[in-house]
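Residue numbers (the working numbering): 8 to 756.
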């Protein structure tokens, strides 16, 4: 991926033959940019036609410093373009200016220059910071609401938190996050060795950028932990800016423009003749950016050479509207032309889905010549997710699920839905289910039926005890067995069933310190990196069948070669692609046998499965087969598999189950085997096997429950008391339980 930059031959911002620095830029639509400069002019640019027009000349005392357009989507109502902007200036005022250049209102805000002004995401409040060290919050109409902070040094940059409830600002070498509620905890840390000049906070990934006079840029999480620090540049970092979707950011310095991945490493470095780049603004669709240059120029750059890979296909965006397809097996190349510029694309499951500014194209990898094309309602697509049977488009207006034939299947909704902040970590799609992590309450996952768009089961979302950071649905198998894996804030990995049917499915922890995870595309195998070890859970469902067996079904490998903070990009077939923190890709192969075993079990080919395990002679594979056999109630196979891994006690128990007379009691003992005592007891009682139900509780030393059942069904009370007496005698104890004493008097044992 790289930037293709363009500059006009002559700068447009000139005063008395003098090149005046451009201080700020901002996009109104994807094709229109406004710039302000020390020559007191506001110019309007169209990068496609390279036309520039003067909007207005401001009074001579106004030297603009920062500009921010009023947000476009408010309360779900999407305006097609921004109507007004705030302009801060060196005379201590901020000005609310309409799109046509009329100054609607000027407000005295600070002593000395107003160094930055930012609208919050809803457009309900404005924050300004100034040379006087004050941080002030204003209403939409420009009335002062509160002075959030006061300090002795100038505040150079400010940004809103993702939920518009916190404000991040600079204080010398420190970064400070201050919530709007009074008395809430303020987070402050030393971020740079020099003055911090610019900072930005992204609403999708919740990460913070900062750049300063120590000639470094850094990436932080919202707790102030350092995720990335760049090497030293030659000159101070004068601007940093996140792309809207939080996947990329740009960094500006003297004659320098850098494009970086959200984890910090750099895709591309340009050395344009611009002077210092004081301000960077990304267009709404995230395909291009503009920079305000110290020598009077405005630099435009759009992203080209993005790449997508799947199996033997490699696809590159060569121009804004052209893609090149390369099949690495036979070296065939195809060129794909689009009517408008490409905004987002995704390649998976044999389909390439491309969204342009107005349309969506679906290509099959078998035939590149005849794409399926349909029009988009909203325009700017922020995320495309694919499953085997359908794909999901996310834009400012909602979630839309389409089939690969281009038919709209459903459009799920939930209360307080904000689609602009969803990304691949917080939405997951499988053939029958869609899961979305909510932003309003981070502990909640909404789960929808894909075909109808309605909430699954009883309609209640899945709730966890702490905040969730990443979710993923498995891709194969029956709908009734669909599992979701998620990582919470403490980096613990949990798994649970999606379908609930009244009975509370346990949320089980299967890993700790997990950085990143991915499900396989063809079988339900999960891989992740936990605590510097690369781990594959060959059969995660084991936790519901035989918990003690889970460690035996794992494959682990030292992960120190991936350095810190690696991300799993994909897990296709038996190849896993991991991106290291420096941006390089590492490919790993895992054993193909567990995948084959999954296929055999899905087709109930138990003999083939046993044969495979005997051929491979691997304990991990036998352990997987044992768990799969118990899950599918195939006792003969389970016995063979448990014997192979030396779990003799379990082999004996399975043997004893096989000799039981009735089908119900066999089923109940299978449930007991998996540790589901409650369900086993219910099953026995429903089948009228009262004595067995009592015996089960006695064997588990659930004395109270055993007595309760005996009394309730008026049978075998004496048996329970006899067992209890023998138990006490063995341990030389006296009876203290009141209920047992009471019944012992009534019944002679």
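Built from N, CA and C at the ideal position, the CB exists for glycine as well.
Span separating the alpha-carbon of residue i from that of residue j
i           : j           : result
residue 50  : residue 44  : 9 Å
residue 405 : residue 46  : 42 Å
residue 212 : residue 249 : 10 Å
residue 296 : residue 108 : 22 Å
residue 671 : residue 458 : 36 Å
residue 260 : residue 61  : 27 Å
residue 635 : residue 407 : 35 Å
residue 686 : residue 675 : 8 Å
residue 99  : residue 52  : 27 Å
residue 623 : residue 700 : 41 Å
residue 82  : residue 447 : Residue placement at residue 82 cannot be trusted, given a pLDDT of 42 that sits under 50; what the coordinates show is reported in the next sentence. Their backbone Cα atoms lie some 14 Å apart in a straight line.
residue 215 : residue 176 : 11 Å
residue 409 : residue 530 : 23 Å
residue 793 : residue 227 : Nothing in the structure corresponds to residue 793, since the chain is present only between 8 and 756.
residue 270 : residue 662 : 54 Å
residue 120 : residue 59  : 28 Å
residue 509 : residue 548 : Low confidence applies to residue 509: its pLDDT is 49, below 50, so where it sits in the model is not reliable, and the reading given next is rough at best. Rounded to whole angstroms, residue 509 to residue 548 spans 20 Å at the Cα level.
residue 756 : residue 750 : Interpretation of residue 756 is limited by its pLDDT of 47, a score under 50 that renders its predicted location unreliable; the figure taken from the coordinates is listed afterwards. Cα-Cα distance, rounded: 10 Å.
residue 247 : residue 218 : 7 Å
residue 738 : residue 729 : 15 Å
residue 40  : residue 294 : 14 Å
residue 468 : residue 445 : 10 Å
8 Å CB neighbourhood of residue i in its chain, flanking five on each side removed
i           : result
residue 193 : 183, 184, 185, 186
residue 364 : 37, 292, 347, 348, 350, 386, 387
residue 619 : 600, 603, 604, 607, 628
residue 568 : 593
residue 326 : 311
residue 91  : 76, 77, 103, 104, 105, 106, 111
residue 272 : 235, 588, 589, 590
Option in the options with minimal Cα separation from residue i
i           : options            : result
residue 413 : 428, 424, 396, 404 : 396
residue 757 : 410, 726, 287      : Nothing about residue 757 can be reported from this structure: the residues present for the chain run from 8 to 756 only.
residue 65  : 59, 586, 457, 101  : 101
residue 617 : 629, 606, 179      : 629
residue 336 : 324, 317, 67       : 317
residue 7   : 278, 160, 257, 423 : This structure leaves residue 7 out entirely; the chain is present only between 8 and 756.
residue 301 : 281, 310, 311, 307 : 281
residue 73  : 378, 712, 148, 164 : 164
residue 525 : 549, 580, 78       : 580
residue 517 : 31, 482, 554       : 554
residue 539 : 559, 546, 564      : 564
residue 560 : 552, 546, 566      : 546
residue 609 : 484, 479, 719      : 484
residue 726 : 736, 748, 738, 698 : 698
Close Cβ partners of residue i (< 7 Å) along its chain, the five nearest in sequence each way excluded
i           : result
residue 496 : 473, 474, 476
residue 334 : 319, 320
residue 210 : 128, 169, 428
residue 18  : 26, 302, 303, 304
residue 279 : 12, 14, 262, 264, 306
Cβ neighbours of residue i in the same chain (closer than 6 Å, five flanking residues each side left out)
i           : result
residue 505 : 440, 454, 489, 491
residue 237 : 223, 224
residue 649 : 633, 657, 658
residue 381 : 367, 413
residue 667 : 673
residue 460 : 417, 418, 419
residue 240 : 222, 260
residue 283 : 245, 261, 301
For residue j and residue i, believed in contact at Cβ under 8 Å, the rounded distance
i           : j           : result
residue 398 : residue 452 : Not quite, the Cβ-Cβ distance comes to about 20 Å (not below 8 Å), so this is no contact.
residue 498 : residue 521 : 6 Å
residue 367 : residue 400 : 7 Å
residue 371 : residue 356 : That pair is no contact at about 10 Å.
residue 550 : residue 597 : Not quite, the Cβ-Cβ distance comes to about 20 Å (not below 8 Å), so this is no contact.
residue 142 : residue 156 : 4 Å
residue 220 : residue 202 : 4 Å
- prompt: Counting only runs that start and end within the segment 603-690, where is the alpha helix (DSSP H) found for 4 or more residues in a row?
  reply: 613-623, 626-638, 642-651, 655-665, 670-680
message: Restricting to runs no shorter than 3 residues, where is the beta strand (DSSP E) found entirely within the segment 299-355?
response: 305-311, 314-317, 320-326, 329-334, 339-344, 349-355
message: Going residue by residue through the segment 141-183, where are the continuous beta strand (DSSP E) segments of at least 3 residues, counting only ones entirely within it?
response: Counting only runs that start and end inside the segment 141-183, the beta strand (DSSP E) elements of at least 3 residues fall at 141-146, 151-157, 165-167, 173-178.
field: Those runs of the alpha helix (DSSP H) which lie wholly inside the segment 496-535 and span at least 4 residues
entry: none
Ranges of the beta strand (DSSP E) found wholly within the segment 180-262, counting only runs of at least 3: 181-186, 194-197, 203-208, 214-219, 224-228, 233-236, 246-249, 255-260
query: What runs of the beta strand (DSSP E), each 3 residues or longer, lie entirely inside the segment 93-148?
result: 100-105, 110-115, 121-126, 132-137, 141-146
message: Could you tell me which whole alpha helix (DSSP H) segments of length 4 or greater appear in the segment 370-443?
response: DSSP runs (the alpha helix (DSSP H)) wholly in the segment 370-443: none.
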